[in-house]
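Asker: Dropping the structure in here first, questions after.
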Amino acid sequence: MARLTQMELLQINELLRAEELAWRKCEYYGQYAQDPQVRQMAQQGAQHHRQHMQTLMSQLQSLS
Amino acid sequence: MDNQAGTFRLTDRDILTDLLLTAKQLIGAYGLAERESTHPQLRSTLHQLANEEEQYHAQAFQAMHQRGWYETPLADSSLAQQIVALWSSKLQAYGPYGAQQTAGQIPFAQPYAPQYTQQNPGYNQPYNQP
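Those sequence lines, one after another, are chains A and B.
Per our numbering, the first sequence starts with residue -1, numbered consecutively.
Per our numbering, the second sequence starts with residue 5, numbered consecutively.
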């Protein structure tokens, strides 16, 4: 069974931190922006950052 | 006074800028993680996530560009011509089979013609010197 290296673990942790902050900012911007198109971009962003967090989590779980 | 307490607001332009910069930062972070990774399956996941991030980055860029919030000035045409001339003559000199044939005869000791460097000093030199 393949296991993560220390470097991989730390990199994934770093990515999760970045995706989490990006997601939270997008959630906020999605309610805050004036222009509906900007709002929509932020909402899309929130969705995809959230998906990325889930993908990273499942990689983390399958390799540890 | 934008930054006094209570009156500070992020504009839509600020928001798009942050979406763009965040995407840019994540693309870099995914690239680094991919290069540091040993598992083929993890590498390809990271690659795919970076690709998605790149698509989002392109959308955010377009949104800014359409609104005139991200200018993309054209290249200096005389510099472009010089660079094209430099590399086409280098490649011609090397020939189709690599550098072996012409080793020791690489043209252009200096990358750019001297008159250009005079007209356009480098970043460190102020433009309006007497």
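Ideal Cβ placement from N, Cα and C applies to all residues, glycine included.
In this text the structure is predicted, and so the values were computed from the model without any measurement.
#1: For B:A97 and B:Q85, what's the separation of their Cα atoms in angstroms?
#2: Starting from A:T53 and walking both ways along the alpha helix (DSSP H), at which residues does that stretch end?
#3: My output table needs one value for B:L146: the three-state DSSP class, helix, strand or coil.
#4: Mind pulling the chain A residues with CB within less than 8 Å of B:H43?
#5: If the cut is a Cβ gap below 7 Å, which residues of chain A does B:D16 touch?
#6: In this structure, how does DSSP classify B:F65 when only helix, strand and coil are distinguished?
#7: Less than 7 Å separating the beta-carbons of B:T42 and A:T53?
#8: For A:M5 versus B:E40, is the C-beta distance shorter than 7 Å?
#9: Which ranges would you report for the alpha helix (DSSP H) in the segment 32 to 91 of chain B if only whole runs of at least 4 residues count?
#10: Would B:T21 count as contacting chain A if we go by Cβ distances under 7 Å?
#11: Would you call A:M71 buried or exposed, if buried means 16 or more other Cβ atoms sit within 10 Å of its Cβ?
#12: Straight-line CA distance for B:Q29 to A:P34?
#13: Could you tell me whether the Cβ atoms of A:A31 and A:R37 are closer together than 7 Å?
#14: Return the CA-CA distance between B:Q133 and B:L83, expressed in angstroms with no decimal places.
#15: Which same chain residues, not among the five before or five after B:A27, have their C-beta less than 7 Å away from its C-beta?
Answerer: Quick look at the numbers:
#1: Taking the second sequence and counting its residues from 1, the one referred to as residue 97 of chain B is at position 93. Taking the second sequence and counting its residues from 1, the one referred to as residue 85 of chain B is at position 81. Straight-line spacing of the CA atoms in B:A97 and B:Q85 works out to 18 Å.
#2: Against the first sequence, residue 53 of chain A aligns to sequence position 55. Segment P34 to S60, the alpha helix (DSSP H) holding A:T53.
#3: Residue 146 of chain B cannot be examined here, being either before or after the span of chain B that is shown, 5 to 134.
#4: Here the question's residue 43 of chain B lines up with position 39 in the second sequence. Those within 8 Å of B:H43 in chain A are A0, L2, E6 and L61.
#5: Locating residue 16 of chain B in the second sequence gives position 12, where the first residue counts as 1. Listed along chain A, the residues sitting closer than 7 Å to B:D16 by beta-carbon distance are A31, Q32, D33 and V36.
#6: The count along the second sequence starts at 1 and reaches residue 65 of chain B at position 61. It is helical.
#7: To locate residue 42 of chain B, count along the second sequence from 1; it is residue 38. To locate residue 53 of chain A, count along the first sequence from 1; it is residue 55. Cβ atoms of B:T42 and A:T53: not closer than 7 Å.
#8: Along the first sequence, one-based indexing puts residue 5 of chain A at 7. Along the second sequence, one-based indexing puts residue 40 of chain B at 36. Judged by their CB atoms, A:M5 and B:E40 are nearer to each other than the 7 Å cut-off.
#9: As far as the segment 32 to 91 of chain B is concerned, its whole alpha helix (DSSP H) runs of at least 4 residues are 44 to 70.
#10: Along the second sequence, read from residue 1 onward, the residue named residue 21 of chain B stands at position 17. For B:T21, not one C-beta of chain A is nearer than 7 Å to its own C-beta.
#11: In this structure chain A extends from -1 to 62, so residue 71 of chain A is not present and cannot be described.
#12: Position 25 of the second sequence, counting from 1, holds the residue named residue 29 of chain B. Position 36 of the first sequence, counting from 1, holds the residue named residue 34 of chain A. Their Cα atoms are separated by approximately 25 Å.
#13: Translated into the one-based positions of the first sequence, residue 31 of chain A becomes position 33. Translated into the one-based positions of the first sequence, residue 37 of chain A becomes position 39. For A:A31 and A:R37, yes; Cβs fall inside 7 Å.
#14: As a first step, residue 133 of chain B is located in the second sequence; it is residue number 129 there, counting from the start. As a first step, residue 83 of chain B is located in the second sequence; it is residue number 79 there, counting from the start. Legend: pLDDT at B:Q133 = 47, less than 50; position of this residue unreliable, value from coordinates given subsequently. Roughly 22 Å between the two C-alpha positions.
#15: In the second sequence, residue 27 of chain B corresponds to position 23, counting from 1. In its chain, beyond the 5 residues on either side, E57, Y60, H61 and A64 have a beta carbon closer than 7 Å to the beta carbon of B:A27.
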